[in-house]
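Asks: My structure is below; once you've seen it, I'll send some questions.
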Amino acid sequence: MLTYYYDIMSQPSRAIFQFLKANNIVYKDHPVAIRKGEHKSDWFLKINPMGKVPAINNNGFILTESVAILKYLAMRYVVPDHWYPSDLQQRARVDEYMAWQHMNTRFNAAGLFWEEVMIPQMTGKPVDKTTLDKAVSQLDNTLDMLQTMFLKDQPFLCGDNITIADLLAKHDVGPQTRAPCMPTENVLW
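See below:
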């Protein structure tokens with residue numbers, strides 16, 4: 001049985017959650033409340049010693065990191081090929097975005113969220129305008145690159161069909177930032 005460990009406040013957790021639901025994959029739901037420190041509890045550190053969500057346990061096979069989990073699920077379960085294409089060149093495009101995503105889309109969207117929401121909440125201090133402006137600028141540059149390099153004039157990041165890359169992008173630049181979701185309505189389902 002597949003067990004899914006997540007916190008719905010985590011963007012990568014939401015991407016995997018959406019993939020599981022979209023493909024009707026049966027799993028045991030196991031929320032991990034980061035705000036309560038559950039990700040640092042002894043029981044969870046046995047699942048993921050890094051103390052991060054998401055994670056899965058598939059009949060004793062434990063896997064962490066959202067990109068690895070999405071790839072595994074797309075190959076392990078019977079899902080439509082468009083999620084993680086079997087065509088080598090199409091799959092390479094999905095992998096290309098996911099290799100770029102972590103230190104760009106994910107990093108800069110999360111950075112803006114931390115500067116604008118989390119740090120002021122945790123410290124009780126107002127947002128530092130200079131730091132916030134820098135975070136906004138970095139995310140704007142990332143979104144420009146996402147548009148010109150990946151999305152171009154196609155409906156999805158890697159071509160004509162939605163892939164696991166689109167789920168990661170949607171949840172990285174979606175409601176947790178002031179950035180628009182994806183410019184393609186098809187991704188917003």
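Under the UniProt record's numbering, read the sequence shown as residues 1 to 189, first letter to last. Here a beta-carbon is modelled for each residue, glycine too, at the ideal position from N, C-alpha and C.
1) Measure the Cβ-Cβ separation of residue 165 and residue 122 and say whether it is below 8 Å.
2) At which residues does the beta strand (DSSP E) containing residue 5 begin and terminate?
3) Helix, strand or coil: which one does DSSP assign to residue 15?
4) Helix, strand or coil: which one does DSSP assign to residue 57?
5) Would you say residue 70 and residue 105 are within 8 Å of each other, going by their C-beta atoms?
6) Check whether the segment 50-67 touches the segment 16-36, counting contact only when three or more Cβ pairs, one atom from each stretch, lie closer than 8 Å.
7) Compute the distance between the beta-carbons of residue 23 and residue 84, then report whether it is under 8 Å.
8) Roughly how many whole angstroms lie between the Cα atoms of residue 117 and residue 92?
9) Within this structure, are the beta carbons of residue 139 and residue 112 separated by less than 8 Å?
10) Threshold first: 4 residues or longer. Then list the alpha helix (DSSP H) segments lying entirely within the UniProt domain "GST C-terminal" (87-189), N to C.
11) Can you round the beta-carbon distance between residue 157 and residue 148 to whole angstroms, since I take them to be within the 8 Å contact cut?
12) Is the Cβ-Cβ distance between residue 109 and residue 172 less than 8 Å?
13) Is it right to say residue 142 is buried, meaning 16 or more other beta carbons lie within 10 angstroms of its own, or is it exposed?
14) Considering just the uninterrupted stretch of the beta strand (DSSP E) at residue 29, what are its terminal residues?
15) Assuming residue 67 is part of the alpha helix (DSSP H), what are its boundary residues?
16) Any C-beta of chain B sitting closer than 8 Å to the C-beta of residue 113?
17) By Cβ distance, which residues of its chain are closer than 6 Å to residue 3, with the 5 residues on each side in sequence left out?
18) Within 10 angstroms of the Cβ of residue 12, are there 16 or more other Cβ atoms? Answer buried if so, exposed if not.
Replies: The answer reads as follows:
1) No, these two residues do not count as a Cβ contact at 8 Å.
2) From DSSP, the beta strand (DSSP E) with residue 5 extends over 2-6.
3) Helix at residue 15.
4) Strand, per DSSP.
5) No, the Cβ-Cβ distance between residue 70 and residue 105 is not below 8 Å.
6) Counting C-beta pairs with one atom in each stretch, the segment 50-67 and the segment 16-36 have three or more that are closer than 8 Å, which means they touch.
7) No, they are not a contact pair.
8) Whole-angstrom Cα-Cα distance: 35 Å.
9) Their beta carbons are under 8 Å apart, which means residue 139 touches residue 112 by this criterion.
10) Fully enclosed alpha helix (DSSP H) runs of 4 or longer: 88-101, 107-113, 119-123, 129-145, 164-172.
11) 12 Å between Cβ atoms; not a contact.
12) Their beta carbons are under 8 Å apart, which means residue 109 touches residue 172 by this criterion.
13) Answer is buried; the Cβ neighbour count reaches 16.
14) Where residue 29 is concerned, the enclosing beta strand (DSSP E) stretches over 28-31.
15) In the DSSP annotation of this structure, the continuous segment of the alpha helix (DSSP H) that includes residue 67 starts and ends at 66-76.
16) Chain labels in this structure do not include chain B; a single protein chain is all it has.
17) Cβ within range, chain order: 28, 30, 57.
18) Looking at its Cβ environment, which holds 16 or more other Cβ atoms inside 10 Å, residue 12 is buried.
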